[in-house]
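Chemist:
Numbering (the working numbering), first residue to last: 1 to 217.
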């Protein structure tokens, strides 16, 4: 059981496969009032007034999170605003495990504009406090799986908030082998390489001259 929990936590798969009846689908089609807090469905924010919007909409047709945003799939919503949406994970690692997603479709965190990431992250303190109180937890993990090798399953940016309790054995830290960082030439080469790559990132600006020292960075 413990190994199964560890495997589940290592990949954090948010498999949402909603099944709706004909009556539920009819109710969803009749739902036209946006941002009603008591509803578990959200209306579509997809605007097809431009070619770019239409292209994005076509890419979002099969995305389960986009279906939730459009009100075409059910979700137990905890919070929503004009930028993002938070709802319970349907395969939770712990009670209260929830996801924060942007309303617009972005396949990964690195493809998400900084302003959208900021909007999502700004809600983390408030939502996490509420979730911890509601679940009688004293801690939480904030997790993002970015890319297949990191365990990303649904390619719509999302942040996991996972409530934690003492001795819940969810995060098997003892099984994660860590090695002290050696401040040698290999580490210096890695630092310089990352800094060089940062200089090619659009919109990124570093106003400090870090130099090449191994100490004090």
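Built from N, CA and C at the ideal position, the CB exists for glycine as well.
It should be emphasised that the depicted structure is a prediction, and the values quoted were computed from it without experimental measurement.
Out of 188, 79, 178, 71, point me to the one whose CA is closest to residue 125's CA.
Modeler: Comparing Cα-Cα distances from residue 125 to each of 188, 79, 178, 71, the minimum goes to 79.
Chemist: Thinking C-beta only, is residue 107 closer than 8 Å to residue 120?
Modeler: No. Outside cutoff.
Chemist: Helix, strand or coil for residue 160, going by three-state DSSP, please let me know.
Modeler: Here residue 160 sits in strand by DSSP.
Chemist: Is residue 77 helix, strand or coil by DSSP?
Modeler: Correct three-state label for residue 77: strand.
Chemist: Could you name the residues that DSSP lists as bridge partners for residue 140?
Modeler: The partner list for residue 140 (beta bridge, DSSP) reads 163.
Chemist: State the beta-bridge partners of residue 154 as determined by DSSP.
Modeler: BP columns for residue 154 are empty, so no partner.
Chemist: Checking 8 Å against the spacing of the C-beta atoms, do residue 156 and residue 87 come in under that value?
Modeler: Their beta carbons are not under 8 Å apart, which means residue 156 does not touch residue 87 by this criterion.
Chemist: Among 85, 94, 142, 96, which one has its Cα closest to the Cα of residue 105?
Modeler: The shortest C-alpha separation from residue 105 is found at 85.
Chemist: Does the region 156-165 come within contact of the region 92-99, defined as at least 3 CB pairs closer than 8 Å?
Modeler: Because the criterion of three Cβ pairs below 8 Å is met, the region 156-165 and the region 92-99 touch.
Chemist: So the candidates are 83, 82, 73, 81; which of them puts its Cα closest to the Cα of residue 90?
Modeler: The shortest Cα separation from residue 90 among 83, 82, 73, 81 belongs to 73.
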